[in-house]
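Have a look at the structure below before the remarks.
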Amino acid sequence: MKKRTDLKIYLIPLGYLLLITMIGCAKDKESVPELTTSPVTYVTEQSVIFTGTVTGDGGAEVTERGICWGTAHNPTTAGDKIANGTGTGSYTCTLTDLLTNTPYFVRAYAINSAGTGYGQEMAFRTWNDEMVTDIDGNVYHTVTVGSQVWLVENLNVTHYRNGDPVELVTGNAAWEGLTTGAYCNYEHSAANAAVYGRLYNWFAVNDDRILAPEGWHVSSDGEWTALSGTQGGDVVAGSKLKEAGITHWLGPNADATNESGFSGLPGGYREYGGNFTYINWGGGWWCSTEENCNDAVIRYMDYGAPDTWRYLEDKRYGRSVRCIKD
21 MKKRTDLKIY LIPLGYLLLI TMIGCAKDKE SVPELTTSPV TYVTEQSVIF
71 TGTVTGDGGA EVTERGICWG TAHNPTTAGD KIANGTGTGS YTCTLTDLLT
121 NTPYFVRAYA INSAGTGYGQ EMAFRTWNDE MVTDIDGNVY HTVTVGSQVW
171 LVENLNVTHY RNGDPVELVT GNAAWEGLTT GAYCNYEHSA ANAAVYGRLY
221 NWFAVNDDRI LAPEGWHVSS DGEWTALSGT QGGDVVAGSK LKEAGITHWL
271 GPNADATNES GFSGLPGGYR EYGGNFTYIN WGGGWWCSTE ENCNDAVIRY
321 MDYGAPDTWR YLEDKRYGRS VRCIKD
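Using the working numbering, the first residue of the sequence shown is number 21, and each one after it goes up by one.
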């Protein structure tokens with residue numbers, strides 16, 4: 021009998037333990053929602069477009085989702101926020117009335133009965149309110165990166181600063197034989213030029229009549245080095261300088277955040293033989309820096325990597341140009 025009594029003493033606590041475990045498991049089924057935060061797109065002086073995705077509801081109904089932002093890391097719903105719908109899936113929000121020339125941080129959020137879940141933090145910088153107009157009337161936005169002020173768009177001008185035209189050269193043989201300044205549109209398309217700017221040979225970059233707008237100049241190799249340095253160096257700077265998303269870049273372009281506001285675009289290039297290649301694939305920008313009688317320096321970014329690269333290139337190539345303030 022004593023043996024049977026001992027067995028009951030051990031079985032009763034075990035039953036309670038199993039019951040407690042079952043209750044605990046039931047409670048664990050609910051958790052805060054899971055989210056991803058996409059890099060921001062369409063940054064301007066005072067606005068930005070953002071996409072968040074609720075990938076899991078945590079076992080409970082998502083009653084609110086949206087984004088929260090601020091000028092300090094890890095923003096929460098206790099600060100600035102904007103709601104957009106309920107449930108799982110992707111959603112888009114537009115932030116307006118932001119401060120110009122200001123770094124911001126943003127996170128997706130979603131709320132259920134278990135609490136508030138957040139996506140990863142993304143950073144962006146609004147542009148300056150200063151606008152620049154070239155001799156042709158093209159208008160450019162500007163952004164401050166470190167101590168430098170850059171044009172946000174690639175150069176699109178067809179005249180030098182003194183009013184003389186930059187020669188438009190379309191034929192392949194004529195392009196190959198150039199030793200003076202010239203430009204073209206990628207695949208001779210005005211639509212490409214409107215988005216990615218013109219392609220110039222280095223002779224146009226170096227012309228005494230000056231390609232850049234008044235108060236600006238074509239960036240040098242050293243100025244690109246300084247730009248890259250503000251973004252963590254060449255091995256990671258490309259991700260912070262490229263436009264995010266796949267509107268213009270080939271996918272996945274997953275590393276791109278454009279948190280600098282520089283908004284680098286993949287304008288492709290024209291070979292010295294006249295052929296066009298690499299639009300949407302890569303962006304390369306002439307530096308004013310000459311290496312030797314045949315080559316000058318370019319800086320390059322690619323859709324598939326976070327780097328910026330420094331290359332020497334034949335001066336007859338057609339490349340994008342980005343200007344920096346004097």
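Note that CB positions come from ideal geometry on N, CA and C, so glycine has one too.
None of the values given here were measured: they were computed from a predicted structure.
Counting only the same chain and skipping the five closest in sequence on each side, list residues whose C-beta sits under 7 Å from that of residue i.
i    : result
Y331 : I318 and Y320
Y180 : V186, D227, R229, I230 and L231
Q251 : A257, K260, L261 and S280
L27  : Unreliable placement is indicated for L27, whose pLDDT of 42 sits below 50; the coordinate value is still reported in the next sentence. For L27, where only same-chain residues beyond five positions count, there are no Cβ hits under 7 Å.
Y323 : W269, L270, N273, P286, W301 and G302
G105 : R85 and Y111
Run through DSSP, which three-state label would residue i get?
i    : result
D254 : helix
F282 : coil
K260 : helix
R339 : strand
T245 : helix
V215 : helix
Y206 : helix
W170 : strand
E196 : helix
W222 : helix
H237 : strand
P185 : strand
L349 : In this structure the chain extends from 21 to 346, so residue 349 is not present and cannot be described.
T75  : strand
I266 : coil
I299 : strand
L231 : coil
Y289 : strand
K49  : coil
H179 : strand
V63  : coil
For the putative contact between residue i and residue j, defined by C-beta atoms under 8 Å, what is the C-beta separation to the nearest angstrom?
i    : j    : result
D149 : T120 : 5 Å
P233 : D154 : 4 Å
L175 : R342 : 7 Å
T61  : I69  : 5 Å
T114 : S67  : 6 Å
G338 : N221 : 6 Å
Y160 : I299 : About 21 Å separates the two Cβ atoms, so there is no contact after all.
S340 : V225 : S340 to V225, Cβ: 11 Å. No contact.
A246 : G183 : The pair is not a contact, with the Cβ atoms about 32 Å apart (cut-off 8 Å).
DSSP beta-bridge partners for residue i?
i    : result
I318 : W306 and Y331
Y160 : V152
I102 : I87
P123 : R145
G135 : N132
L115 : V68
G109 : V74
V82  : According to DSSP, V82 bridges with nothing at all.
To which residues of the same chain is residue i closer than 8 Å at the C-beta, ignoring the five residues directly before and after it?
i    : result
A143 : P123, Y124, F125, V126, T277 and E279
T328 : W244, S248, D254, A257, G258, L261, R319, Y320 and M321
G109 : T73 and V74
N295 : N192
T162 : W147, N148, E150, M151, V152, V169, W170, L171, V172 and K345
C204 : L188, V189, T190, W195, R218, L219, R290 and G338
T178 : D156, P185, V186, L188, Y203 and R218
T267 : T61
Quick one: does the C-beta of residue i sit closer than 7 Å to a heavy atom of the ligand FAD?
i    : result
S308 : Among the components modelled here there is no ligand, and therefore nothing to report on the ligand FAD.
Grab me the residues of residue i's own chain with a C-beta within less than 6 Å of its C-beta, minus the 5 sequence neighbours each way, in chain order.
i    : result
K345 : V169 and W236
Y138 : R127 and Y129
Do the stretch 251 to 264 and the stretch 283 to 303 touch if we need at least three Cβ pairs shorter than 8 Å? The count of Cβ pairs closer than 8 Å, one atom from the stretch 251 to 264 and one from the stretch 283 to 303, reaches three, so the stretches are in contact.
For the stretch 88 to 100 against the stretch 50 to 65, are there 3 or more C-beta pairs whose distance is under 8 Å? Output reads no: the stretch 50 to 65 does not touch the stretch 88 to 100.
Touch test, the stretch 288 to 297 against the stretch 191 to 201, Cβ-Cβ under 8 Å, three pairs minimum: With a cut-off of 8 Å, the stretch 191 to 201 and the stretch 288 to 297 count as touching, because enough Cβ pairs lie within range.
Check whether the stretch 79 to 93 and the stretch 127 to 136 touch, using three or more Cβ-Cβ pairs below 8 Å as the test. They touch, by the three-pair rule.
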